[in-house]
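Structure, as structure tokens:
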Amino acid sequence: MVRPVAPLPPPAGASVGGRKVYRAMREDPAGGPLIGPTARMLGVRPDDDIPVVNGRVSPGTGGMSVAPDSPMNLPSHRRPPKIGGTGKDPVWGIDLDSLGGDIVFRQDSSKHGLLEPAREMSIEEFQNALADLASKWFKR
-13 MVRPVAPLPP
-3 PAGASVGGRK
7 VYRAMREDPA
17 GGPLIGPTAR
27 MLGVRPDDDI
37 PVVNGRVSPG
47 TGGMSVAPDS
57 PMNLPSHRRP
67 PKIGGTGKDP
77 VWGIDLDSLG
87 GDIVFRQDSS
97 KHGLLEPARE
107 MSIEEFQNAL
117 ADLASKWFKR
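-13 is the number of the first residue of the sequence shown in the working numbering; add one for each residue after it.
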């Protein structure tokens, strides 16, 4: 008799099945998400969202908050009124397959996850890696 084997997790950088994550962010004048180090922009707040030690950040310690799978997983104060919230900003989504090699997604609850550094790097590298994703976000 053949026993089933539990599937292995995908290797680093492998496809995660077309999953998407969502975040409410201000819109820049060119029509993309506004880049910056605030809770309402594409970026992180050093030492608030992720600890910075000697100018460096590490995987598994924090990152930019996102909602997995559905914009309805965003807190109501982040969702705009058109999707049942009280937030001021549009909701943006990104396919996890688009993250590249420097950013990874870590889900920490059913309605929350983080875009984190995939390796130890400087805070500037991490902010730049997040900013480099700007064109991959789509407005919901």
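Virtual Cβ for every residue (Gly too), placed ideally from N, Cα, C.
Here A10 is near P66, since their CB atoms are less than 9 Å apart. Taking all protein chains in view, the Cβ of E106 is surrounded by fewer than 16 other Cβ atoms within 10 Å, so the residue is classified as exposed. D94 sits exposed, since fewer than 16 C-beta atoms from the chains shown fall within 10 Å of its C-beta.
Scanning its chain for C-beta atoms nearer than 8 Å, with the 5 sequence neighbours on each side dropped, one finds around G70 the residues M58, S62, in chain order. Residue pairing for K6: DSSP places it in a beta bridge opposite D81.
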